[in-house]
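K.L.:
Chains as they are written, first to last, in our numbering: chain A, 1 to 287; chain B, 288 to 555; chain C, 556 to 875.
Sharing a structure here in structure tokens format.
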Amino acid sequence: MAIKFERVGYEYKDIDGKGYLALADVTLNINKTGEFITLIGETGSGKSTLAQHMNALLTPTEGRVHIFGMKISRETRKSKNLKLNPIRQKVGLVFQFPEYQLFEETVENDIAFGPKNFGVSEAEAKERAKKMLNIVGLDDSYLSRSPFNLSGGEKKRVSIAGILAMEPDILVLDEPTSGLDPLGRNALLEVFYDIHQKLDKTVVIITHDMNTVYEYAKRVLVMREGNLVYDGNPTQLFSRKNVKSWNLDVPDILKLRRALEEKFSITLEGETRSKAQLMAKIKEALR
Amino acid sequence: MSLIEIENVSFTYHGNKKALDDVSLSIEKGEWVSILGHNGSGKSTLSKLIVGLLKPQQGVIRVGGITLSADTVRDIRKKVGIVFQNPDNQFVGVTVRDDIAFGLENLQIEREEMIERIEHYAKKVDMYSYLNKEPHNLSGGQKQRVAIAGILAMKTDVIIFDEATAMLDPEGRERVMEYMRALNREGTTIITITHDMKEAVLSDRIVVLKDGRVLKSDKSENILKDKATLEKSNLELLLPLEIMHYLNENGIENPSLKEFLWQLSLNG
Amino acid sequence: MKNIVIGRYVPGNSFLYRMDPRTKLIALIALMVAAFLIQSFTHMLVSLALVTLLLVAGRISVKRVYLGLRPLMFLLFFTFIFQVMFNQEGDEIFTLPLHYSLLSIVAAAAVVVFWFMTKKHVRFKLFYFLFTVAAVFAVLHYIDFGVLFGEGTFRVFEEGLSTAFFIMVRLIIIIMLSTILTITTKPTDLNLGLERVLKPLRIVRINTEEIAMIISIALRYIPTLLDEANKIMLAQASRGVDFQEGKLKDKVVQIISLLVPMFIISFQRSDDLANAMEARSFVPGQPRTRLHVLTWKRLDTFALTLSLVALVAVIVVRVV
């Protein structure tokens, strides 16, 4: 087990010492390989707080998190010998806005920054920069460009390459596709899926887009008011009766299928998780 | 005469390729127009030109018969309001009340009138109970609603939503779209700048931009079905319409199913 | 960073809240000047007592003001100790012979090390620190055996002690008064008050409305920027920036990795904000009407008179 949450609670304190519970009693396991997880929930439900526990940016105020064998809790954080950097290398976290991390003069240097912090040699770091840039779908001509003169989508890709270059086992992405146009979004999702498949890494994506959840995720985590209320596969999630009360949208594909079945009495057999599947099944049903 | 007339407008940011290239379009009073395009198609440049935040290097923009220039820009801003993408970067006031007041103070509205309008429009976007709240206590969607109230209070004829829903969660987006619908029903002219087809489907007319040029401008129902045009500008068909295309391509004739899919896409 | 107490408004209800911000601003300045002019030991203590009384009468929690003082405590004590140790004017009032021997120096070092190791676990850090300082002196004074390197004397002079006292009490009074102002005055009111108080500066062509607008926007964006800085720090920490460790060369890069995103985001923000303001018909320097109005009450006349009388009294005492 790569990441293990044991009854984790996290309380923010405001200025008057009033507590605000961002996470409550979360127990959860994430494997080192083979997972493609989406983490969903309303704004303020604790998604980002949960993600920031995965690479020990935050320390639980209750319970503990084990990350690659290292125990993170209130007690262990007090000891000075606790080195968090090895964890941050193993669990790469990409923030929502690439502007939070881009700072170097060239894309190459910026991507190489992370690995160098973990003791990778300059030459090796640059080697990785080039490789990861290609993986996120940008060609070598970008290496010498300034990260600030790129489009929003390109900045996102560079920021993801910057984390990938650290060669983490697990990649966590906070709303990586928000604000992108449909083509940009789909292309980026394919990149994540490739990283998951070809590099055999566990990928965790925080998102509001239920289509992403339905089409890509093997596993869904639903947060609601600091509680983990669902941990399972997407098909079952959307067939639950109480899914409405969690304020989650229904994915477009499922909405359409349900409309066809209920109002147009076309019955489709089996799963329709992708557009292609749906089309094929409709064609089949009409024959 | 149309309410907004844009004639042969071009604009280039310093040292880059043309952001807008010979764009002409007109928008009628009470109409709801979507400007649709991929990231970097020039759609936000267009909205900044209409409110005079940028100056066209070529061409003419007229709003309500007034030609936009340095002398008239203030009169035009009294007619056209704009809600921007980032909810955090347009909240000027220290509280919700102050933020709605900001535009009114600039227009030198009397205090009594100001108070009345603030309360009225805060109620309209369901933010009345938040009037004394500070922005860091509000969600992105709530901040956008305050921005809308701020524009409404200025009683402009036109409101431009410049990707105003792009940074919101589904619930926040849904609510902002509801206000758009309500406002348009009451006669406000609306321009939405977006790449979200679910937002575009609400409008009367869609203008598709690609690389700074108008690719097509037509009634929404025609553009929605126009796969070739949408694909050319990196956009997606709504799912039911994509299915409809698939059926057509595969020679499956089923008029009632097609009608059903069509209705489905119009009603979200 | 969320523990910054200075400059925060805390909702409440007392005469201090009902006062006009102009009154509070002018009274603050008058009383601060007065605090600087007082030269008598008793007057200083009386002033401190009066300010504390104001706090209590205004129903402001003393704890909150103490929280505001806390970040500055070390600064206060540092100035105090600095003055006591190095100001050698006036009569000598306290002498403590010190013995520097192998044993006493090692013992003193041991005390410091012990303090350093245990300070995390002690609640009253400041008292613990003072206790440690006293212990070091005690060790150096009483352990007078072993191989002696030399002898020394710790002397305290009258002038040093009194200067230290005055500086400290003045600073405390000033901080308390300004904390009262910010705790009881909404940022918008404070800003409007400031604008009105500064209005006479228009004669020398300083645009006070613009200054007020700048302050107001700064107030609005400080929480946002702090939040942003925190997120940038976390994002860079995720890339292996370890702010606790690193050589000097690494430290420079670490700081750059925070500052560059901070600047870029702030520029983007201000650009967006300027657009949003302009689009809402804001034109710098043009007249605007105001939502907020200030109302002068009898309470204000009374409070203002009282603080001005206090200032005049202090001046009279000093001159006579």
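By construction, the Cβ of each residue, glycine as well, lies at the ideal position given by its N, Cα and C atoms.
Which residue marks the beginning of the alpha helix (DSSP H) containing Thr476 of chain B, and which one marks its end?
P.N.:
Counting along the chain, Thr476 of chain B falls outside any alpha helix (DSSP H), though it belongs to the beta strand (DSSP E) covering Thr476 to Thr481.
K.L.:
Which chain A residues are close to Asp699 of chain C, counting only those with a beta carbon under 8 Å from its beta carbon?
P.N.:
Within chain A, no residue comes near Asp699 of chain C; the closest Cβ sits about 37 Å away, beyond 8 Å.
K.L.:
For the region 125-184 of chain A, list the beta strand (DSSP E) runs that are entirely contained and at least 3 residues long, ordered along the chain.
P.N.:
Within the region 125-184 of chain A, the complete beta strand (DSSP E) runs of at least 3 residues are 170-174.
K.L.:
Can the beta-carbon of Ile811 of chain C be found closer than 7 Å to that of Tyr100 of chain A?
P.N.:
No, they are not a contact pair.
K.L.:
Quick check: is the beta carbon of Asn424 of chain B nearer than 7 Å to any beta carbon in chain C?
P.N.:
No - not a single Cβ of chain C is within 7 Å of the one on Asn424 of chain B.
K.L.:
Within 10 angstroms of its Cβ, does Arg468 of chain B collect 16 or more other Cβ (buried), or is it exposed?
P.N.:
Classification of Arg468 of chain B: exposed, given that the 10 Å Cβ count is below 16.
K.L.:
Using 8 Å as the threshold, is the region 572-581 of chain C in touch with the region 728-741 of chain C, meaning 3 or more CB pairs across them?
P.N.:
A contact exists between the region 572-581 of chain C and the region 728-741 of chain C.
K.L.:
Decide if the region 291-300 of chain B is in contact with the region 309-319 of chain B; the criterion is three or more beta carbon pairs, one per stretch, under 8 Å apart.
P.N.:
Touching, per the Cβ criterion.
K.L.:
Under DSSP, the alpha helix (DSSP H) around His598 of chain C begins and ends at which residues?
P.N.:
It spans Phe596 to Ala612 - the alpha helix (DSSP H) in which His598 of chain C sits, taken as one unbroken run.
K.L.:
Determine the chain C residues that contact Leu164 of chain A at a beta-carbon separation under 8 Å, and present them in chain order.
P.N.:
None at all; the shortest Cβ gap to chain C is about 11 Å.
K.L.:
Return no unless some Cβ of chain C is closer than 7 Å to the Cβ of Asn85 of chain A.
P.N.:
Taking Cβ atoms only, chain C reaches closer than 7 Å to Asn85 of chain A, which makes this a yes.
K.L.:
With a 10 Å radius around its C-beta and 16 neighbouring C-beta atoms as the bar for buried, classify Tyr617 of chain C as buried or exposed.
P.N.:
Note on identity: in this sequence residue 617 of chain C is Val, with Tyr being the wrong assignment. Per the 10 Å Cβ criterion, exposed.
K.L.:
Which residue from B:Thr332, B:Glu508 and B:Ile478 puts its Cα closest to that of Trp319 of chain B?
P.N.:
Nearest C-alpha to Trp319 of chain B: B:Ile478.
K.L.:
Under the three-state reduction of DSSP, which class applies to Trp851 of chain C: helix, strand or coil?
P.N.:
In this structure, Trp851 of chain C counts as coil in the three-state DSSP scheme.
K.L.:
Looking at the C-beta of Glu486 of chain B, does it have a partner C-beta in chain A at a distance below 7 Å?
P.N.:
With 7 Å as the cut-off, Glu486 of chain B does not count as an interface residue toward chain A.
K.L.:
Name, going along the chain, the residues of the region 526-554 of chain B whose beta-carbon falls closer than 9 Å to a beta-carbon of chain A.
P.N.:
For the region 526-554 of chain B, which is checked against every Cβ of chain A, the residues closer than 9 Å are Leu526, Pro527, Glu529, Ile530, Tyr533, Leu534, Asn537, Ile539, Asn541, Ser543, Leu544, Phe547, Leu548 and Leu551.
K.L.:
Contact criterion: CB-CB distance below 7 Å. Does Ala388 of chain B meet it with respect to chain C?
P.N.:
Chain C contact via Cβ: present.
K.L.:
Less than 7 Å between the beta carbons of Met132 of chain A and Val91 of chain A, yes or no?
P.N.:
No.
K.L.:
For Ala767 of chain C, which residues in chain B fall below 7 Å Cβ to Cβ?
P.N.:
Residues of chain B passing the Cβ test: none, with the nearest at roughly 12 Å.
K.L.:
Is the Cβ-Cβ distance between Leu658 of chain C and Phe709 of chain C less than 7 Å?
P.N.:
No; because the gap between Cβ atoms is not below 7 Å, this pair is not in contact.
K.L.:
Here's a check: name, in chain order, each residue in its chain whose Cβ is nearer than 6 Å to the Cβ of Gly270 of chain A, leaving out the five neighbours to either side.
P.N.:
Taken in chain order, the list of residues that qualify is empty.
K.L.:
Within its chain, find whatever has a CB closer than 7 Å to the CB of Lys13 of chain A; leave out the 5 residues flanking it on each side and keep chain order.
P.N.:
Hits under 7 Å: Gly19.
K.L.:
With a threshold of 16 other CB atoms inside 10 Å of the CB of Lys557 of chain C, please say whether the residue is buried or exposed.
P.N.:
The predicted model places Lys557 of chain C with a pLDDT of 45, which falls under 50 and marks its position as unreliable; any figure quoted below should be read in that light. Exposed, since its Cβ has fewer than 16 Cβ neighbours within 10 Å.
K.L.:
Let me confirm a value: Asp456 of chain B is counted as buried when at least 16 other C-beta atoms fall within 10 Å, else exposed. Which label applies?
P.N.:
Buried, by the Cβ-count rule.
K.L.:
When the Cα atoms are used, what is the spatial distance from Glu284 of chain A to Ile539 of chain B?
P.N.:
C-alpha separation (whole angstroms): 11 Å.
K.L.:
Is any beta-carbon of chain B found at less than 7 Å from that of Thr177 of chain A?
P.N.:
Not one chain B Cβ lies under 7 Å of Thr177 of chain A.
K.L.:
Spell out whether any CB of chain B is found under 7 Å from the CB atom of Asp181 of chain A.
P.N.:
Closer than 7 Å: yes.
K.L.:
From the beta carbon of Leu774 of chain C, is the nearest beta carbon of chain B less than 7 Å away?
P.N.:
At least one chain B Cβ lies under 7 Å of Leu774 of chain C.
K.L.:
Can you give the Cα-Cα distance for Asp782 of chain C and Ala280 of chain A, rounded to whole angstroms?
P.N.:
Distance between the alpha carbons of Asp782 of chain C and Ala280 of chain A is about 49 Å.
K.L.:
Only counting the same chain, and skipping five residues up and downstream in sequence, which positions put a Cβ closer than 6 Å to that of Leu138 of chain A?
P.N.:
If we look at Leu138 of chain A and ignore the five residues flanking it on each side, its Cβ neighbours are Arg157.
K.L.:
Give the single residue among A:Gln236, A:Thr207 and A:Phe68 whose Cα lies nearest to the Cα of Val94 of chain A.
P.N.:
Of the listed residues, the one whose Cα sits closest to Val94 of chain A is A:Thr207.
K.L.:
From the beta carbon of Asn593 of chain B, is the nearest beta carbon of chain A less than 7 Å away?
P.N.:
Residue coverage of chain B in this structure runs from 288 to 555, which leaves residue 593 of chain B outside it and unanswerable.
K.L.:
So, under 8 Å CB-CB, Val639 of chain C and Val711 of chain C are touching, yes? Tell me the CB distance rounded to an integer number of Å.
P.N.:
Between Val711 of chain C and Val639 of chain C the Cβ distance is about 6 Å, and since that is below 8 Å, they are a contact.
K.L.:
What is the DSSP secondary structure of Phe591 of chain C, reduced to helix, strand or coil?
P.N.:
Reduced to three states, the DSSP call for Phe591 of chain C is helix.
K.L.:
When you compare each of C:Ser569, C:Leu627 and C:Ile698 to Gly613 of chain C by their alpha carbons, which one comes out closest?
P.N.:
With distances taken between Cα atoms, Gly613 of chain C lies closest to C:Ser569.
K.L.:
Check each candidate in A:Leu164, A:Phe264, A:Ser239 and A:Ser245 and name the one with the smallest Cα separation from Leu254 of chain A.
P.N.:
Nearest of A:Leu164, A:Phe264, A:Ser239 and A:Ser245 to Leu254 of chain A, Cα basis: A:Ser239.
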